[in-house]
Amino acid sequence: MLAELGFELWVGDPAQIRARRVRKQRNDRLDAEHILKLLMEDRSPRIWMPSPENRDVRQLLLHRHRLVGMQTRVMNQLQAIAMNEGLRGKKGLWSKKGRARLESFPLAPWTSRRRQELLELLDRLNPMIDELSKAIEQEAERRPEVQLLMIHPGVGPITALAFVLIIGTPKRFHCGRQIASYLGLIPCEESSADHRRLGHITKQGNALMRFLLGEAAQVVTRSEPEWRQHYFHLSLRRGRAIAKVTLARKLAVQLFWMWRKGQNYQQVKKFGSHTGQLEVPNGVKSITDNLIGRPAPSIA
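Here the numbering used here runs 15 ahead of the position in the sequence shown, where the first position is 1.
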């Protein structure tokens with residue numbers, strides 16, 4: 016509401032605000048004084064806030080995601096009814112022929128009613144999901160950055176649009192590690208001295224984005240030999256769950272550098288981890304500047 020009225024809205028990071036307070040005493044007055052002091056000293060940690068339009072389009076993605084989840088649950092229930100009657104069709108169950116077979120066999124009264132109402136619910140969900148999918152495609156077509164990210168194998172309009180909306184702007188981050196941390200794709204760490212222990216991923220970021228990256232990474236694995244080899248290698252060493260998370264993180268980092276540098280997938284693939292390091296001291300540009308056109312250092 017304040018943003019719509021033209022006011023500049025600042026939202027503080029509660030974790031960092033709390034960390035900058037030394038005293039153990041807490042009450043409303045002391046907290047207010049602490050926040051005021053941080054603001055007056057220009058040390059108040061702020062978090063990025065999406066625009067009202069951004070938040071509204073996120074609701075489009077979330078709504079479709081929830082409806083697809085409902086659709087999957089309905090289909091699973093219908094498939095269970097069919098399997099109890101000896102009908103094993105899997106994907107073929109949703110064709111015209113499979114649908115006719117599903118509706119044809121006799122059932123007990125309440126089971127028959129359950130089947131009928133589930134089929135009616137499925138018939139209502141399908142056009143709703145199709146309509147939302149078309150709206151997402153239209154939204155993706157009018158955003159050049161989304162079209163750029165869709166060049167990456169396995170990345171469609173839903174994943175690309177979600178990435179753009181959730182990240183907001185690539186200038187907020189300086190490296191791929193920050194992107195992975197923001198999306199909750201890095202492991203928890205409890206290390207001390209020479210002992211290092213890594214746990215499960217933090218899951219501190221957007222859950223929908225992690226899900227979409229995981230699904231898209233699996234598609235890339237099926238189409239790109241290098242990704243497939245990397246996935247199988249990690250699966251044998253660390254397990255399939257860790258391999259999937261690793262590839263989701265890799266995909267997020269590649270999408271970030273494609274967007275930040277305006278590069279296509281082939282450029283990202285060519286330069287690898289150095290694709291986004293053209294402006295940092297240890298990057299490709301720094302190396303070439305130091306080695307080309309400059310005298311070699313003297314050896315004492």
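Glycine is no exception: its CB is placed at the ideal position from the N, C-alpha and C atoms.
Sequence-distant Cβ neighbours of THR236 in its own chain, meaning closer than 7 Å and more than five residues away, are TRP242, ARG243, TYR246 and LEU262. Pairwise C-beta distances place the region 157 to 164 out of contact with the region 124 to 135, as fewer than three of them are shorter than 8 Å. Three or more beta-carbon pairs separated by less than 8 Å link the region 135 to 149 to the region 74 to 89, which places the two stretches in contact.
Around the Cβ of ILE62, a 10 Å sphere holds fewer than 16 other Cβ atoms; the residue is exposed. A direct Cα-Cα distance of roughly 8 Å separates LEU223 from LEU77. Nearest C-alpha to PHE178 among VAL72, LYS52 and VAL234: VAL72. In this structure, the CA atom of ARG253 is about 18 Å from the CA atom of THR217. For GLY229, the uninterrupted alpha helix (DSSP H) run begins and ends at 222 to 238, by DSSP. Rounded to the nearest angstrom, the gap between the Cα atoms of ILE194 and LEU93 is 40 Å. As the crow flies, the alpha-carbon of LYS39 is around 15 Å from that of ALA47. Residue burial annotation: GLY220 is buried, with at least 16 other C-beta atoms found within 10 angstroms of its C-beta. The three-state secondary structure of ILE173, taken from DSSP, is helix. Bridge partners of ILE216 according to DSSP: PRO202. HIS210 sits in a strand when the DSSP states are folded into three classes.
For PRO29, the enclosing alpha helix (DSSP H) has its first and last residue at 29 to 34. The beta strand (DSSP E) runs of length 3 or more contained entirely in the region 17 to 94 do not exist; there are none.
The Cβ atoms of TYR197 and ILE182 lie closer than 9 Å to each other. In this structure, GLN269 lies away from VAL260, with their beta-carbon atoms at least 9 Å apart. Cβ contact annotation for PRO202 (same chain, cutoff 8 Å, sequence separation greater than five): LEU213, GLY214, HIS215, ILE216 and THR217, in chain order. Between VAL26 and the set ARG36, LEU53 and LEU136, the nearest pair of CA atoms involves LEU53. Under the three-state reduction of DSSP, LEU133 is assigned to helix. Here the alpha carbon of LEU180 sits roughly 14 Å from the alpha carbon of GLU152. Secondary structure at ILE257: helix, using DSSP grouped into helix, strand and coil. For GLU205, the CB contacts under 6 Å within the same chain, skipping 5 residues up- and downstream, are ARG212 in chain order. In the three-state DSSP reduction, PRO159 falls in the helix class (H, G or I).
The criterion of a C-beta distance shorter than 9 Å is satisfied by SER238 and GLY169. Membership of GLY113 in the alpha helix (DSSP H) is indicated by the continuous run 111 to 119. Taken through DSSP and simplified to helix, strand or coil, THR126 comes out as helix.
In this structure, the alpha-carbon of LEU164 lies about 16 Å from that of LYS186.
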